[in-house]
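First residue of the sequence shown? That's 56 in the numbering used here, and the numbers climb one at a time after it.
For every residue, glycine included, the Cβ atom is placed at its ideal position computed from N, Cα and C.
Working notes, beginning with the structure itself.
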Amino acid sequence: MKPETLAVHAGYHARVAGDPIMPPVVLSSTFLKPDPEGAGAHSYSRISNPNRDALEQAVAALEGARHGLAFASGVAACTAVLQTLRPGDHVVAAHDLYGGTQRLLTGYVDRHGATVSFVDLHEPGALDAALRDQTRLVWVETPSNPMLHVVALEPIARLARSRGARLVVDNTFMTPLFMRPLALGADVVVHSTTKYLNGHSDVVGGLVLCDDDALAADLRFIQGACGAVPSPFDCFLVQRGLKTLAVRMRAHERGCLAIADALTGHPRVRTVRYPGHPSHPQHAAHVAQADGGGGVVTIGIDGGTDEVRRLMGALQLFTPAESLGGVESLIGHPATSSHRGVPPAQRAAMGITDGVVRLSVGIEHPDDLVADLLAALDGL
56 MKPETLAVHA GYHARVAGDP IMPPVVLSST FLKPDPEGAG AHSYSRISNP NRDALEQAVA
116 ALEGARHGLA FASGVAACTA VLQTLRPGDH VVAAHDLYGG TQRLLTGYVD RHGATVSFVD
176 LHEPGALDAA LRDQTRLVWV ETPSNPMLHV VALEPIARLA RSRGARLVVD NTFMTPLFMR
236 PLALGADVVV HSTTKYLNGH SDVVGGLVLC DDDALAADLR FIQGACGAVP SPFDCFLVQR
296 GLKTLAVRMR AHERGCLAIA DALTGHPRVR TVRYPGHPSH PQHAAHVAQA DGGGGVVTIG
356 IDGGTDEVRR LMGALQLFTP AESLGGVESL IGHPATSSHR GVPPAQRAAM GITDGVVRLS
416 VGIEHPDDLV ADLLAALDGL
């Protein structure tokens, strides 16, 4: 089935007369177990739950994965992957990851006896030089958050595999509707379901997808033993959001393209970055592996934090807030939000100046969003 169909039907489908069309929310923490040694479908909701099973199966189907595991947040999903490391292991990570992922890698990995190297994957030979015999994971985002840098996954996957490392791809921005990293050679995919998979800014959650049975068993142990699992209701909300994923992602994309067109060349806008737009420096690499541009446009305005503050105050439809991926449009300032914990010199190397703002473009009419931005920019 096509992704648009899977998004509606995967994970749960009414089969018998009288079945509810939507999966019921099973809030029970425990389940009937008449035989002490018997194994039923469920025993305790930290270990498994019908709603979590349905969500995991749905997103696994969308990603083309054998296994899906849901967690209480995107960071919890990433942490579970890092918990598969052992003392002495090594991680190579892209230098321009989301600030929360950078914080996790720098603050968590070292405490558990592993090490991490941040590498600019656009530098020829940089990944090959960074890989060691102890490297177990290569961690990337494409496009990256917030500067929307693009890397080609297939050559990275081949190189990582040749050196005995797994490629982990954060696919939150693209979703499985626009890109399926496992089909491009990745070994693990992570998602913040808080974002587009849910799409309504009312859930925090995460997912890990993979094909490897042994890795999945290790992750399933971590999921149950550590217990960072989503509630049944949160799983229900994300699965409900999946049903409109296809139409939402196309609406996000339409808005982004209109904004990129309108702001390119504006006298108060220094840079416009959107991987789905021909002006993006890695546009060709992006369209070679993705079926859409996503829902984020990052711009650099003429000025710094004060000008960003005035811009945010003048906007009517873009709400200043952290996060992204909802049906409503948001505007964020990475230097003081998602990447505030990153040292200024490192932020500058990533291109995150005080004038950079990230636009999470919602599903409002593109004409209204463009008019809102132009009016606010013209008033600076």
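Under the three-state DSSP convention, the category residue i falls into
i           : result
residue 134 : helix
residue 63  : helix
residue 126 : strand
residue 163 : helix
residue 355 : strand
residue 414 : strand
Pick from the options that is closest to residue i, judged by C-alpha positions
i           : options            : result
residue 331 : 321, 305, 356      : 305
residue 140 : 131, 69, 121, 273  : 273
residue 203 : 435, 255, 429, 407 : 407
residue 129 : 159, 118, 144, 425 : 159
residue 230 : 174, 221, 297, 76  : 297
residue 402 : 201, 78, 147       : 201
residue 190 : 142, 199, 166, 232 : 142
residue 355 : 313, 371, 318, 104 : 318
residue 198 : 58, 74, 91, 153    : 153
residue 147 : 132, 161, 163, 171 : 171
residue 370 : 63, 409, 423, 106  : 423
residue 220 : 61, 195, 92, 120   : 195
residue 258 : 226, 294, 232, 77  : 294
residue 253 : 277, 311, 379, 275 : 379
residue 149 : 365, 181, 58       : 181
residue 260 : 275, 90, 94, 286   : 286
residue 364 : 326, 418, 434      : 434
Cβ separation of residue i and residue j, assumed to be a contact under 8 Å, to the nearest whole Å
i           : j           : result
residue 440 : residue 177 : Summary: the structure shown does not reach residue 440, with the chain confined to residues 56 through 435, and so no result is reported for it.
residue 175 : residue 214 : That pair is no contact at about 15 Å.
residue 335 : residue 328 : 6 Å
residue 348 : residue 308 : 5 Å
residue 151 : residue 405 : 5 Å
residue 223 : residue 206 : Between residue 206 and residue 223 the Cβ distance is about 13 Å, and since that is not below 8 Å, they are no contact.
residue 373 : residue 414 : 7 Å
residue 122 : residue 271 : 4 Å
residue 32  : residue 425 : The structure shown does not extend to residue 32, since the chain is modelled only from 56 to 435, so the question has no answer here.
residue 81  : residue 104 : 6 Å
residue 65  : residue 117 : 6 Å
residue 421 : residue 310 : 5 Å
residue 416 : residue 351 : 7 Å
Taking one C-beta from the segment 336-344 and one from the segment 385-396 each time, how about it: are there three or more such pairs within less than 8 Å? Touching, no, given that fewer than three Cβ pairs across the two stretches are closer than 8 Å.
Where are the beta strand (DSSP E) runs, 3 residues long or more, that stay fully inside the segment 361-408, in chain order? 385-387
Beta strand (DSSP E) segments (min. 3 residues) lying fully within the segment 284-319: none
Mind the definition here: the segment 236-243 touches the segment 261-273 only if three or more C-beta pairs lie below 8 Å; say whether that holds. Touching, yes.
Mind the definition here: the segment 322-336 touches the segment 276-284 only if three or more C-beta pairs lie below 8 Å; say whether that holds. no
Closer than 8 Å is the cut-off here; do at least three beta carbon pairs connect the segment 105-122 with the segment 283-299? yes
Does the segment 117-129 touch the segment 239-254, meaning 3 or more C-beta pairs lie closer than 8 Å? yes
Entirely enclosed beta strand (DSSP E) segments - the segment 69-155, minimum 3 residues: 122-126, 145-149
Please give me, in chain order, every unbroken run of the alpha helix (DSSP H) with length at least 4 that falls completely inside the segment 184-267. Taking only runs of at least 4 residues, the alpha helix (DSSP H) segments lying wholly in the segment 184-267 are 208-217, 230-233.
Segment contact flag, the segment 132-151 with the segment 86-97, C-beta cutoff 8 Å, min 3 pairs: Here the segment 132-151 makes no contact with the segment 86-97; the two share fewer than three CB pairs at distances below 8 Å.
Where in the segment 324-354 do unbroken runs of the beta strand (DSSP E), each at least 3 residues long, occur, reported from the N-terminal end onward? 324-328
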